[in-house]
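Enquirer:
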DNA sequence: ACAAAATGTAAAATATACTTTACTTTATGT
DNA sequence: ACATAAAGTAAAGTATATTTTACATTTTGT
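Protein chains in written order, with the working numbering: chain A, 40 to 105; chain B, 40 to 105.
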């Protein structure tokens, strides 16, 4: 799964730590998701969508292997 | 987290088994998610959104405790 | 009422999300 | 160049998603 978190953070001028705090998770969790190390739960992606003001589909996109 | 899977299935006239097959998971997984027993990964909610033709936000909604 | 389909439930096993702590590397501002 | 902030990495531990198998209950059609 691809993600656009880095871009969305840049648009809102948020660091990983900022986003983590707003979403209620640790900085490492945001870092790992952003780097594609693992897939967030739907609760977390909904929270990220809320914080970043974009639909889940704009933050995360399925790839061939998914 | 709330979900509208049962309604969306009804709209598309799909059984839990049908939806499971189309999303590439087991029937129990769909059943458990539908009953709120657990939260799907974002990959799965994106797949369900795709199959059901609705955005993730329309299938799943955050609640107070989330 | 009966048969069949659909849904609910459960336990054990496996995979993976997330936290915590802590350290390293890279970017940014002055 | 230097200091500081930001981002990357990693290992151990905990929580939870998902599968498999199997059975019980409920719903639906005739």
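We put the CB at the ideal spot given by N, CA and C, even for glycine.
In chain B, which residues lie with their C-beta within 8 Å of the C-beta of residue 96(A)?
Expert: Result: 85, 88, 94 and 95.
Enquirer: Can you grab the Cα-Cα spacing for the pair residue 86(A) / residue 42(B), in whole Å?
Expert: Distance between the alpha carbons of residue 86(A) and residue 42(B) is about 15 Å.
Enquirer: Which residues in chain B have a C-beta closer than 9 Å to the C-beta of residue 82(A)? List them in chain order.
Expert: Residues of chain B passing the Cβ test: 40, 78, 99, 101 and 105.
Enquirer: Cα separation between residue 52(A) and residue 88(A)?
Expert: Going by the C-alpha atoms only, they are around 15 Å apart.
Enquirer: Would you report the Cα separation of residue 40(B) and residue 98(B), rounded to the nearest angstrom?
Expert: Whole-angstrom Cα-Cα distance: 10 Å.
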